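Residue numbers (my numbering): 928 to 1256. From the three backbone atoms N, C-alpha and C, an ideal C-beta is built for every residue, glycine too. In this text, all values refer to a predicted model and were calculated from it rather than measured experimentally.
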């Protein structure tokens, strides 16, 4: 018997290497446990107005919502995702929320959230908050980007790479820090795939717009997840303001320093991984950025344990979603 799954909030359409990896591993994990993905609704897509998607939902054995960075501060995109719990096309189809951040949301969100059959947060604080909201069990496991090995070719490390941020202010801070290095590259988590961006002058103009100013190091936009992981794995230091850039630095054991993001996602990640907050910096700390920030033995042990937990618990999550799909009405 074919078990059919529909995924809402497919973030692979966002030209973001971390999101692409999350979606790739989510789909692969579900398929590994016998589920066929019959429809995927891209991030910010009007799924409720998509007749084809609604038909797929009516025929599905399970609906999986990728929470990934959407359910915070009462954002309209989060409300639209949660609305699936009370939509007629869902009916009584089992519903799973996975990889979810939950922060500072309105009380009225508690009703649709409580209708999910399985809830998996990507950090411990989100799990506690959602459990309090729903009065139900909520599990947590590390972000799905950490749920499989990096599969990179080992090589020598050299230089510093500077990432980006979802917020303009931290991007400018990162740009100023980049100018202070002799041998740095700008390697954002987001990418653009058009032919126009292959030319150095257009990339320089884009860097000036993104990072605020001229005199920046070269902008390097790897074309896919594998190339992005390779860039990180070959750096001595990665300075970034992106959650998934920190995750993938842990994956490749690349020393990193981070600025805060648009929610407490990086702070929570570091706490859950047992790293504390020493690698989370304020803007003033990058006025004279370091040439290196090697991991201690204790940090490496914590990161390896965190990755092992991510892989083990993700496999259990995929198995439990498949069990939901097999559940008799």
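Query raised in the report: In angstroms, rounded to a whole number, what distance separates the CA positions of residue 994 and residue 1024?
Result: 6 Å
Query raised in the report: Between residue 1010 and residue 1212, what straight-line distance do the alpha-carbon atoms span, to the nearest angstrom?
Result: 42 Å
Query raised in the report: Once you ignore the five residues that flank residue 1112 on each side, which residues in its own chain have a CB closer than 6 Å to its CB?
Result: 1088, 1144, 1145 and 1147
Query - Within 9 Å, strictly: CB atoms of residue 883 and residue 1049 - result: Residue 883 is absent from the structure shown; the chain starts at 928 and stops at 1256.
Query raised in the report: How is residue 1052 classed by DSSP in three states: helix, strand or coil?
Result: helix
Query raised in the report: For residue 1046, which of 990, 1091 and 1094 has the nearest alpha-carbon?
Result: 990
Query raised in the report: Between the Cα of residue 1012 and the Cα atoms of 1037, 1002 and 986, which residue gives the shortest distance?
Result: 1037
Query raised in the report: If you draw a straight line from the C-alpha of residue 996 to the C-alpha of residue 1181, how long is it?
Result: 23 Å
Requested in this report: Just list the alpha helix (DSSP H) runs in the region 1000-1024, keeping only unbroken ones of 4 residues or longer that don't cross its boundaries, in chain order.
Outcome: 1003-1009
Requested in this report: Could you tell me which of 1216, 1099 and 929 sits nearest to residue 1135, measuring between CA atoms?
Outcome: 1099
**Report entry** Straight-line Cα distance separating residue 964 from residue 958
**Finding:** 8 Å
**Report entry** Whole-angstrom distance between residue 1228 and residue 1208, CA atom to CA atom
**Finding:** 22 Å
Query raised in the report: Do residue 1052 and residue 1189 have their CB atoms nearer than 9 Å?
Result: no
Query raised in the report: Exposed or buried, what is residue 1171 when buried is set at 16 or more other beta-carbons lying within 10 Å of its beta-carbon?
Result: buried
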